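Going down the list, the protein sequences come from chains A and B.
Numbering-wise (this note's numbering), the first sequence opens with residue 1 and increments by one.
Numbering-wise (this note's numbering), the second sequence opens with residue 1 and increments by one.
We treat Cβ as the ideally placed atom computed from N, Cα and C, and that holds for glycine.
Computed from a prediction, not measured in an experiment: that's the story for all the values here.
For reference, the structure discussed in these notes is given below.
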Amino acid sequence: MENYYLFKIILVVALFVVSLVVAMYSTFAERKISALMQDRLGPNRAGPFGLLQPLADGIKMFMKEEIIPNVSNKTLFILGPCLAMTTALMAGVLIPWGGKVEFMGKPYDLQVTDLNIGVLYIFGVTSLGVYGIMIGGWASNNKYSLMGAIRASAQMISYEIAMGLAIIALIMSTGTMSLGEIAAQQDAGLANIVYQPLGFLIFLICAFAELNRAPFDMPESESELIGGYHTEYSSMKLGLFLFAEYINMFISSAVIVTFYFGGYNFPFQNEINEALGLSTNMATALGTLVMFGKIFFFIFFFMWIRWTLPRFRYDQLMRLGWKSLIPLAILNILITGVVMWMNGKLN
Amino acid sequence: METPISYVPILIQLAVALGFVVTTIIATHFLGPKRKTKKKLDPFECGIESSGNARVPYSVRYFLTAILFVLFDVEVIFMYPWAVNFKALGLTGLLEMFLFIGLLLLGFFYVIKKGALKWEDNN
């Protein structure tokens, strides 16, 4: 039992460090990719190829003066970014990062914990993220922040419905809400994307809206709202908001990969592992590596879209969410149900 | 294989997350310079004098969206237990859910017809 807790604590700390490092280098990647797409060089001064830039940014954030506007609600002003960051860090708990790991002679899943309400947990924790933005934006007592905050909350709750409906179709075909099982099911057969192409598309679009990423970045559209909900924030409180955004992007990519792209599984994995003669731990490490490859592709995809598409207008965003995605997601549920019935998958 | 112990790692994660956040907030409080002036602490408004405060009324559409979200999200959550047991419930379950979705769509259609989701100006 002590080994169990030791393993879990190691895993939690490792996950925390990996999340932070991925988030840090996502900011760097974002600047490099935007530079590439705009025919610029991007950051290249700090260290070789500018690789130390995220560290320099981090230190700068820590050393900046902390400003709390005198008309703001101080407690809520501080609570906002804390909540955003905490919920971002809490969402990664259920992601299965790999298969079995042998630790002190006992097999464990490379997953912090596996709950049979997994999907609901992720859904719930990510929904709490909206409170961070709303509280922070409202407590600033600044008109731009307020506008950004209410836009963000209306947008996030609207797209949550379509996202929930898209996941229902996925659960119908997998028959479980545990992320560990969803990933394990895609081991032998095809990845879920084959059964749920429409569901995946809806989920992906909703993920963009939930993350407040372009083309749905109205909450912080810099050309009209200065910085949106974090206009008044400075020093590491701003840093926490930005960091939370990138951690959410990382976790969303991991969730997409787990739900629709087989997670840590890859084609012919058993044959390859056997051919290479890998031990359990090495095979799991290979799977985890593949999973991170998929995740990085999706992080790249998020950035690619951001620097390619212009911003939506707010009424267009709401129309897309309510009048297109929700009916489409319901249609997807009906199609899934009928197809499964016709294929004799029901009792 | 879920036991109450499965929830313990979540508490460990919560401790790590809270520890990081609290440390960061306290550290920045002591690390940064403190040169506060009246102008610096005013809310930012494009560099002009700020007028009034931000506790102002805003469009009722946001409230409508929030209320509709509560209604629809509850119905979505209703569908989760059904989805998990979908294969076991068989054709009867499928048809019953079609009825439920039909009623849901009826309400959805009403909401759209009433113009509750209309964000664009019509003049």
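Asked: Neighbouring residues, chain A, relative to B:P9 (Cβ below 8 angstroms); Found: K8, L11, V12, V93, V112 and T113
Asked: Sub-9 angstroms separation of A:G42 and A:S34 beta-carbons; Found: yes
Asked: Where B:E120 falls: helix, strand or coil (DSSP); Found: coil
Asked: A:Q38 burial status per 10 Å Cβ neighbour count (16 or more: buried); Found: exposed
Asked: Near-chain B residues of the region 68 to 94 of chain A - C-beta to any C-beta below 7 angstroms; Found: P69, N70, V71, I78, C82, M85, T86, L89, M90 and V93
Asked: Neighbourhood of B:N123 by C-beta distance below 8 angstroms, restricted to the same chain and skipping five residues each side; Found: With a pLDDT of 48 at B:N123, under the threshold of 50, the predicted position of this residue should be treated as unreliable, though the coordinate-derived value follows. The answer is none, since no qualifying residue turns up.
Asked: Closest by C-alpha distance to B:R35, when choosing among A:Y5, A:A29 and A:I68; Found: A:I68
Asked: Residue-level contact to chain B via CB, A:Y4, 9 angstroms cutoff; Found: yes
Asked: Host beta strand (DSSP E) of A:D109 (start-end); Found: K106 to L110
Asked: For A:V101, the three-state DSSP class (helix, strand or coil); Found: strand
Asked: The region 55 to 70 of chain B contacting the region 301 to 316 of chain A, beta-carbon criterion three pairs below 8 angstroms; Found: no
Asked: Residues of its chain near A:F200, where Cβ-Cβ distance is below 7 angstroms and the 5 sequence neighbours each way are ignored; Found: I193 and Y260
Asked: Alpha-carbon to alpha-carbon, A:A91 and A:L128; Found: 10 angstroms
Asked: Coarse secondary structure for A:D315, derived from DSSP in three states; Found: helix
Asked: Any chain A beta carbon closer than 9 angstroms to B:I48; Found: no
Asked: Per-residue contacts from A:K323 into chain B (C-beta, under 8 angstroms); Found: I112 and L117
Asked: Residue environment, A:T87, which counts as buried when at least 16 other CB atoms sit within 10 Å; Found: buried
Asked: A:G239 - containing alpha helix (DSSP H), residue span; Found: S235 to Y260
Asked: From A:T231, A:S235 and A:E220, residue whose alpha carbon lies closest to that of B:I26; Found: A:S235
Asked: Distance, B:L71 Cα to A:N116 Cα; Found: 25 angstroms
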